[in-house]
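Enquirer: For reference, each letter of the sequence shown is one residue, going 1 to 775 in full-length UniProt numbering. For every residue, glycine included, the Cβ atom is placed at its ideal position computed from N, Cα and C.
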Amino acid sequence: MVKFSKQLEAQLIPEWKDAFVNYWLLKKHVKRIKVHQRPKLNARHARDFCLSVFDPIRSAACTLSAQLLPGRCRVQMRAETEASEDELVTSEAGDEESQNENEPALLVSEEDEVKSFFDQLDEELSKVNQFYTAKEEEFVERGDILNKQLQILLDLKQLLHDRKESGSSRSLSLNSRSSSARQSDFSESGDDLSGKLESQTEEVITALARNGVNFVGSEAARKKGRTRSTSMRIDIPATTPTRTISAMTSMLWEDLANSPKKEGPGDSINKKKIQSAEKMIRGAFVELYRGLSLLKTYSSLNMVAFTKIVKKFDKVANQEASSSYLKIVKRSHFISSDKVVKLMDEVECIFTKHFTSNDRKKAMKFLRPQEHKESHMVTFFVGLFTGCFVALFFVYAILAHLSEKLSPVTGTTYVETVYPVFSMFALLSLHLFMYGCNLFMWKRKRINYNFIFEFQPNTALKYRDAFLICTSLMSAVVGALVIHLILRSNGFSAGQVDAIPGVLLLIFIAILICPFNIFYRSTRYCFIRVMRNIVFSPLYKVLMVDFFMADQLTSQIPLLRHMESTMCYFLAGRFRIHQYDTCKSGTLYRELAYVVSFAPYYWRAMQCGRRWVDEHHPDHLANMGKYVSAMVAAGARITYSTNPSTLWFIIVLVTSLEATVYQLYWDFVKDWGVLNPKSNNPWLRDDLILKNKSIYYVSIAFNVVLRVAWVETVLNFRVGLVESRLLEFLLASLEVIRRGHWNFYRIENEHLNNVGKFRAVKTVPLPFRETESDG
1 MVKFSKQLEA QLIPEWKDAF VNYWLLKKHV KRIKVHQRPK LNARHARDFC
51 LSVFDPIRSA ACTLSAQLLP GRCRVQMRAE TEASEDELVT SEAGDEESQN
101 ENEPALLVSE EDEVKSFFDQ LDEELSKVNQ FYTAKEEEFV ERGDILNKQL
151 QILLDLKQLL HDRKESGSSR SLSLNSRSSS ARQSDFSESG DDLSGKLESQ
201 TEEVITALAR NGVNFVGSEA ARKKGRTRST SMRIDIPATT PTRTISAMTS
251 MLWEDLANSP KKEGPGDSIN KKKIQSAEKM IRGAFVELYR GLSLLKTYSS
301 LNMVAFTKIV KKFDKVANQE ASSSYLKIVK RSHFISSDKV VKLMDEVECI
351 FTKHFTSNDR KKAMKFLRPQ EHKESHMVTF FVGLFTGCFV ALFFVYAILA
401 HLSEKLSPVT GTTYVETVYP VFSMFALLSL HLFMYGCNLF MWKRKRINYN
451 FIFEFQPNTA LKYRDAFLIC TSLMSAVVGA LVIHLILRSN GFSAGQVDAI
501 PGVLLLIFIA ILICPFNIFY RSTRYCFIRV MRNIVFSPLY KVLMVDFFMA
551 DQLTSQIPLL RHMESTMCYF LAGRFRIHQY DTCKSGTLYR ELAYVVSFAP
601 YYWRAMQCGR RWVDEHHPDH LANMGKYVSA MVAAGARITY STNPSTLWFI
651 IVLVTSLEAT VYQLYWDFVK DWGVLNPKSN NPWLRDDLIL KNKSIYYVSI
701 AFNVVLRVAW VETVLNFRVG LVESRLLEFL LASLEVIRRG HWNFYRIENE
751 HLNNVGKFRA VKTVPLPFRE TESDG
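(1) Which of the three DSSP states is assigned to residue 769 in this structure?
(2) Can you check which of these residues, 145, 125, 337, is closest to residue 328 by C-alpha distance?
(3) Less than 9 Å between the beta carbons of residue 687 and residue 755, yes or no?
(4) By alpha-carbon positions, which one of 562, 509, 694 ends up nearest to residue 593?
(5) Give the straight-line distance between the Cα atoms of residue 510 and residue 460, rounded to the nearest whole angstrom.
(6) Please classify residue 743 as buried or exposed, where buried requires at least 16 other C-beta atoms within 10 Å of its C-beta.
(7) Do residue 355 and residue 282 come within 9 Å of each other at the CB atom, strictly closer than that value?
(8) What are the boundary residues of the alpha helix (DSSP H) that includes residue 587?
(9) Of the residues 724, 305, 540, 149, which one's Cα is nearest the Cα of residue 419?
(10) Can you tell me whether residue 498 is buried or exposed? The criterion is at least 16 other CB atoms within 10 Å of its CB, across all chains shown.
(11) Decide if the region 449-460 is in contact with the region 699-713; the criterion is three or more beta carbon pairs, one per stretch, under 8 Å apart.
(12) Going by beta-carbon coordinates alone, are residue 483 and residue 507 separated by less than 9 Å?
(13) Find the nearest neighbour of residue 659 within the set 711, 128, 7, judged by alpha-carbon distance.
(14) Among the candidates 622, 402, 598, whose CA atom is the shortest distance from the CA of residue 609?
(15) So what's residue 513 in DSSP terms, helix, strand or just coil?
(16) Is it a yes or a no for the region 294-309 touching the region 371-391, going by three-plus beta-carbon pairs under 8 Å?
(17) Within the continuous alpha helix (DSSP H) that includes residue 327, where are the two ends?
(18) Please look up how many angstroms separate the CB atoms of residue 478 and residue 722, rounded, as I've assumed it's under 8 Å.
(19) Kindly indicate which residue of 732, 11, 273 has the alpha-carbon position closest to the one of residue 554.
(20) Given that a residue counts as buried once 16 or more other Cβ atoms are within 10 Å of its Cβ, and exposed if not, what is residue 514?
(21) Just curious, the alpha helix (DSSP H) that residue 360 is in, first and last residue?
(22) To the nearest angstrom, report how far apart residue 490 and residue 399 are at their CA atoms.
(23) In terms of residue numbering, what span does the alpha helix (DSSP H) encompassing residue 450 cover?
(24) To which residues of the same chain is residue 21 closer than 7 Å at the C-beta, ignoring the five residues directly before and after it?
(25) Please confirm if residue 642 has its CB atom under 9 Å from at least one CB of chain B.
(26) In terms of residues, what are the limits of the alpha helix (DSSP H) holding residue 334?
(27) DSSP three-state call for residue 22: helix, strand or coil?
(28) Helix, strand or coil: which one does DSSP assign to residue 655?
(29) With a cut-off of 8 Å on the beta carbons, I'd call residue 538 and residue 606 a contact; round off their distance for me.
(30) Just verifying my parser: in three-state terms, what is the DSSP assignment at residue 311?
(31) Going by C-alpha distance, which of 547, 23, 339, 379 is nearest residue 122?
(32) When burial is assigned at 16 or more other CB atoms within 10 Å of the CB, is residue 671 buried or exposed?
(33) Counting pairs of Cβ atoms below 8 Å between the region 427-447 and the region 518-526, do you hit three or more?
(34) So, with DSSP's three-state summary, where would you put residue 759?
(35) Have a look at residue 393 and residue 276 and give me their C-alpha separation to the nearest angstrom.
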């Protein structure tokens, strides 16, 4: 049976861990009380043993002697009894004297421990009540705001609906009459319609004002006789280029109220804005419900913890305090309050009615998303593809060795043409493997990565899924390598054989963009969306997953270079005739090398700039400087590779050292949160998830060593072509491993920041806000 402490640790909310009752500290108090109970119990058991253990033996011996020597036995028994009684009285008197000397200290110590236990218990109860009350007030206030937002949305939708109906009825009435009648009655019908729209608008304005939105009319408009000169803004976050532009130039109320005659595109724009606002409010209700569910779980777990610890105290101290103290706990606010339950019911009703058309089953899919259970089939296929990969890799290594012995020239050509294509897949698979390891460790250490990345729990990738994608991809890649090498060895032409890598690449792209709900569609589309946000990073609001993925790209520059070479081969049609120098020399090649090497750092720097514009935090500008220095160092190394002079060697050393020191400082101080000299853990941070501190010091040294791997690019080792390609691939792989290693501590630090701020529910921005008129 699993101990309750283990169950509590597995079920508590990680971000609110410090707000839970400290069951482990209270358990230590109970253990101290138990220690003080042992001397008394031992003395009592010893006296009972002296009185009772020899009685059966003596009675049996006397029974046997009575049968043989009845008189003598009675005399002896009487003498022995009197002697034993005298010895017992003497020993009891001695025990009482010694006990009286030691017992006051024991009793005082035990009373102190009991008092300390109940003081700590009261303190924990107060802590739980205060946290629960604060969170309850926060969620109730958020619920009131969402109700107002929803009412504004409903009023606007009603106004748009009435406007469309009035416009259609006007069109019908005008079309059903003759042209002369239309000319005579046009002004009258227009005035009636205008008055009707004005009265409807005034009613909506009044309703919106009751919900906290104030409208101030423009004086210029009033002088001209316009009554609908109010303004209200839908404040939709600028998360797309369209929203970035429209948020700066348009207001929904002006489109609806000030342009009643506008038709066509204007209506679609207004409808899109309302749909966007509805989506935001729906997401806010989902997060509110999730927060209420967490608070309800918080209440129930703490109640169970108080019950368990008080009963444990009763058992140890031989008292009956559980019933009386649990009555106090049940009268506490975190148990007696029913606001959370009522608000949850209210949110369910509102969400079902307004967002799912009274379909409760559909509403519960949004409000209570269920995680997919991990299938044993996934584990089976991971093992199957792993075995296939290992077997095929050994086959490929043997075939490659034999082919190189038979034809060294062909082997050199083979390395130059095939290496960029297949190393691209190998580096991608290695990165997926490292990501799977990260997912495994995050889950094992209860790091809430789904909340940090804002992933949906029911569709988020699990670590077994990441391993499945990795092993299946590598099995396909190595299998294609074996087939390609066998066909080359059997005399097939290069034009026919070298289409295999291209077909594999096209299959991979087709799977990535496949619209059907197969092969982890939600993950694939999330990846495409994040890559789009990265490429157009200045125009998109930067989320955690966006800059995390951009950081991964800075470690995959060799992969991007191989992708560039592959595209050159296939798009330029050079792969068939093996003109390798076409894609590895010339002005265009050098320019593309600069562009590809700069792109990840540029995207990341633009993300930092966008975050500084949104948040105005100076750290984002400092972080931008880190990526600018990395771009300068990368450009210097590329220039030195084509122009190996002493001057450029010095420039490479200076720029690379500066960038490396900058990166190491940011890795350790900002991203990992270590190197704090005032920390409770020397040169680490106060809170650590891994229990073994030495792992952090080893990780720091490991990160330093792999950060200076650029030294190889300036040393110019004299090795053969095949060896140079293997060395290049090895260094690229080490950078991917370093990034995967970096990922764990980066998300660990982010998780601990959330824990420190008790941030377990994300705050969704709301669309409607007040705007003051210019008049």
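Expert: Once the coordinates are examined:
(1) Within the sequence shown, the letter at position 769 stands for residue 769. It is a strand residue.
(2) Your numbering for residue 328 matches position 328 in the sequence shown. The shortest Cα separation from residue 328 among 145, 125, 337 belongs to 125.
(3) Within the sequence shown, numbered from 1, the residue matching residue 687 stands at position 687. Within the sequence shown, numbered from 1, the residue matching residue 755 stands at position 755. Yes, they are a contact pair.
(4) Taking the sequence shown and counting its residues from 1, one reaches residue 593 at position 593. Nearest of 562, 509, 694 to residue 593, Cα basis: 562.
(5) Within the sequence shown, residue 510 is the residue found at index 510, counting from 1. Within the sequence shown, residue 460 is the residue found at index 460, counting from 1. When only Cα atoms are considered, residue 510 and residue 460 end up about 21 Å apart.
(6) Position 743 of the sequence shown, counted from the start, is the residue given in the question as residue 743. With 16 or more Cβ atoms within 10 Å of its Cβ, residue 743 is classed as buried.
(7) Taking the first residue of the sequence shown as position 1, residue 282 is located at position 282. Taking the first residue of the sequence shown as position 1, residue 355 is located at position 355. In contact: residue 282 and residue 355 (Cβ atoms closer than 9 Å).
(8) Stepping through the sequence shown from its first residue, residue 587 is reached at position 587. From DSSP, the alpha helix (DSSP H) with residue 587 extends over 587-615.
(9) Here residue 419 refers to the residue found at position 419 when the sequence shown is read from its first residue. Looking from the CA of residue 419, the closest CA among 724, 305, 540, 149 belongs to 724.
(10) Here the question's residue 498 lines up with position 498 in the sequence shown. Answer is buried; the Cβ neighbour count reaches 16.
(11) By the C-beta criterion, the region 449-460 is judged not to be in contact with the region 699-713, since fewer than 3 inter-stretch pairs fall below 8 Å.
(12) Counting from 1 along the sequence shown, the entry for residue 483 is found at position 483. Counting from 1 along the sequence shown, the entry for residue 507 is found at position 507. Contact flag unset, no.
(13) Here residue 659 is taken as the residue at index 659 of the sequence shown, counted from 1. Among 711, 128, 7, the Cα nearest to that of residue 659 is on 711.
(14) Here the question's residue 609 lines up with position 609 in the sequence shown. Out of 622, 402, 598, 622 has the C-alpha closest to the C-alpha of residue 609.
(15) Position 513 of the sequence shown, counted from the first residue, corresponds to residue 513. Residue state, collapsed to three classes: coil.
(16) Flag = no, the region 294-309 and the region 371-391 do not touch.
(17) Here the question's residue 327 lines up with position 327 in the sequence shown. According to the DSSP assignment, residue 327 belongs to the alpha helix (DSSP H) that extends over 322-330.
(18) As a first step, residue 478 must be located in the sequence shown, where it is residue number 478. As a first step, residue 722 must be located in the sequence shown, where it is residue number 722. 18 Å between Cβ atoms; not a contact.
(19) For the purposes of this step, residue 554 is taken as the residue at position 554 of the sequence shown. Residue 554 has its Cα closest to that of 732, out of 732, 11, 273.
(20) In the sequence shown, the residue the question calls residue 514 occupies position 514. Result: exposed.
(21) Counting from 1 along the sequence shown, the entry for residue 360 is found at position 360. Start and end: 360-367.
(22) Your numbering for residue 490 matches position 490 in the sequence shown. Your numbering for residue 399 matches position 399 in the sequence shown. Straight-line spacing of the CA atoms in residue 490 and residue 399 works out to 12 Å.
(23) In the sequence shown, residue 450 corresponds to position 450, counting from 1. Here the alpha helix (DSSP H) through residue 450 covers 449-453.
(24) As a first step, residue 21 is located in the sequence shown; it is residue number 21 there, counting from the start. Closer than 7 Å at Cβ, skipping near neighbours: 124, 128, 302, 305, 306.
(25) The chain labelled as chain B is not found in the depicted structure, where only one protein chain is given.
(26) The sequence position of residue 334 within the sequence shown is 334, counting from 1. Bounds of the alpha helix (DSSP H) holding residue 334 are 333-336.
(27) In the sequence shown, residue 22 corresponds to position 22, counting from 1. DSSP, reduced to helix, strand and coil, places residue 22 outside both helices and strands of the structure shown, so it counts as coil.
(28) Position 655 of the sequence shown, counting from 1, holds the residue named residue 655. Looking at residue 655 - three-state DSSP - the assignment turns out to be helix.
(29) Start at 1 with the first residue of the sequence shown, and residue 538 comes out as number 538. Start at 1 with the first residue of the sequence shown, and residue 606 comes out as number 606. Confirmed, Cβ separation roughly 5 Å.
(30) As a first step, residue 311 is located in the sequence shown; it is residue number 311 there, counting from the start. In this structure, residue 311 counts as helix in the three-state DSSP scheme.
(31) The residue you call residue 122 lines up with position 122 of the sequence shown. Of the candidates 547, 23, 339, 379, the one whose C-alpha sits nearest the C-alpha of residue 122 is 23.
(32) Here residue 671 refers to the residue found at position 671 when the sequence shown is read from its first residue. Residue 671 comes out buried.
(33) Result no; under three Cβ-Cβ pairs closer than 8 Å.
(34) Here residue 759 refers to the residue found at position 759 when the sequence shown is read from its first residue. Residue 759: coil per DSSP, three-state reduction.
(35) For this step, residue 393 is matched to residue 393 along the sequence shown. For this step, residue 276 is matched to residue 276 along the sequence shown. One C-alpha to the other measures close to 51 Å.
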